[in-house]
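Here's the structure we're looking at; comments come further down.
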């Protein structure tokens, strides 16, 4: 499935964290130190913020050294520099559609 990707970095790393900001920071630090991925996909915008914090602590430039993608689409992502790449997910609308 990833055959078409042309990159020096082909390793896929996963990390586990609770929904806690601090736990996410610890998991992000481990991944960023161990394998220096080119892309991190975070489950939530808040988790992405934790990854960004750790990346900056390690002097990684976003998006030059590391791209970050998240799910949530909250407005605060637009205020970040650079703005957070995020997929907007409307929880209430999804819940309504599931109950119909």
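In this note's numbering, the protein residues as written are 10 to 109.
Heads up, the beta-carbon is just placed ideally off N, CA and C, and yes, glycines get one too.
Bear in mind that the values here come from a model prediction, so they are computed numbers and not experimental data.
Collapsed DSSP secondary structure at residue i in the structure displayed
| i | result |
| --- | --- |
| residue 98 | coil |
| residue 78 | strand |
| residue 83 | coil |
| residue 27 | coil |
Sequence-distant residues of its chain with Cβ nearer than 6 Å to residue i (five each side left out)
| i | result |
| --- | --- |
| residue 36 | 24 and 26 |
| residue 56 | 33 |
Range covered by the alpha helix (DSSP H) that runs through residue i
| i | result |
| --- | --- |
| residue 48 | No alpha helix (DSSP H) contains residue 48, which is instead part of the beta strand (DSSP E) from 48–50. |
| residue 54 | 54–66 |
8 Å Cβ shell around residue i - same chain, five flanking residues per side excluded
| i | result |
| --- | --- |
| residue 63 | 34, 37, 38 and 41 |
| residue 67 | 38, 41 and 42 |
Other residues of its chain near residue i: CB distance less than 7 Å, five sequence neighbours each side excluded
| i | result |
| --- | --- |
| residue 82 | 95, 96, 97 and 98 |
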